[in-house]
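Student: Quick one: the structure is below, questions incoming.
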Amino acid sequence: MMDVWDRLLSTPTGGGWGASPWTIVGSFLACCATLAVIDSTGCALPRQSLKRADRIEWNVRIVSSIHAIVLVIGAYMTWQETRHLSDFTSIFGIAWAPDFFARIFIGYLIYDMAVMVWYYKELQDPTAILHHFIFLMAAVYVVAHSIMAYPFSWLAFTEVSTPFLNIRWHLAVLGWKDGPGYLYNGLALLVSFVVSRVILYGLGLLDLLRLRHLWLQPSIPLGYKGVVALFGLGWALNVYWGRLIVNAAVRAFTRADKKKHSAKSH
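Letter by letter, the sequence shown follows residues 995 to 1260 in this note's numbering.
Quick look at the structure:
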């Protein structure tokens, strides 16, 4: 474990600009500063009054959406940089984009876990803490050993669904569940979640299994195999959450359909 932290806190050989532990620190501080600013100024809050727990979660979700957009950009840049790499280099080689954005991801995960623990009474989201912990351990090991460059593209792309998830929560808190915006956003959430977190993520795992002759070799450290196992556990969590989102979408469309028929009958 000490070897992992020693590697994480040093600049990797072949690493480009941003391949530094200070990128993690900078990401953490940037997230903290953003939350502090929007919390102290109230600039991101709606005009209507919110309960304390809702105010906290509203601002936390704003930071979450900003980070998600940054990571999706990182996913595209990673794909552009690594899509032509050989099978071996795509797993064991270092590339600038996945290393840089993975460090941003680590900083955000540390920040968000700290926020969820600090405000646990208000947020009460143990599954999110578990999800963050899984990916924090995987991301730390990946960055420390400069591995899984190409897989970071499909892992980071899963964040494309996060803004829609947050917008759904914002609309619900505002009492706009019956509006068309909630319905259309729910559809966007459903499609983006299933496509990115279940289908593409699952295909990425299958691709890693295709390359198992590389990372299952006896000479490869056990931690590499553990990272793949954590990826699998993360996918299982996504499938669980996906089922909840599908059920919520069905309820929303059913509610909208009943409202539509009720309006016609009058």
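Each residue gets a CB set at the ideal place from its N, CA and C atoms; glycine is no exception.
In this text the structure is predicted, and so the values were computed from the model without any measurement.
Among residues of its own chain, excluding the 5 on either side of D1119, which ones have a beta-carbon nearer than 7 Å to its beta-carbon?
Tutor: Contacts found: M1110.
Student: If you run the structure through DSSP and keep just helix, strand and coil, what is K1045?
Tutor: Assigned with DSSP and collapsed to three states, K1045 falls in coil, not helix or strand.
Student: Compute the Euclidean distance between the alpha carbons of A1182 and P1157, then round it to the nearest angstrom.
Tutor: 10 Å
Student: Comparing alpha-carbon positions, which option in V1189, F1094, S1014, R1249 lies nearest G1236?
Tutor: V1189
Student: Taking 8 Å as the limit between beta carbons, can you name the residues of its chain near A1038, skipping five residues before and five after?
Tutor: I1032, W1052, N1053, I1056
Student: Can you name the start and end residues of the alpha helix (DSSP H) that H1126 belongs to?
Tutor: 1120-1139
Student: I need the DSSP call for G1196, collapsed to helix, strand or coil.
Tutor: G1196: helix per DSSP, three-state reduction.
Student: May I have the straight-line CA-CA distance separating L1023 from R1206, to the nearest angstrom?
Tutor: Taking the Cα positions, L1023 is about 38 Å away from R1206.
Student: Please classify H955: is it buried, with 16 or more other beta-carbons within 10 angstroms of its beta-carbon, or exposed?
Tutor: The structure shown does not extend to residue 955, since the chain is modelled only from 995 to 1260, so the question has no answer here.
Student: Is DSSP giving V1244 helix, strand or coil here?
Tutor: helix
Student: Run the CB neighbour count on S1080, radius 10 Å, all protein chains shown included, and call it buried at 16 or more, exposed below.
Tutor: S1080 counts as exposed, since fewer than 16 other beta carbons sit within 10 angstroms of its beta carbon.
Student: Any idea what DSSP makes of C1026, helix, strand or coil?
Tutor: Secondary structure of C1026 (DSSP, three-state): helix.
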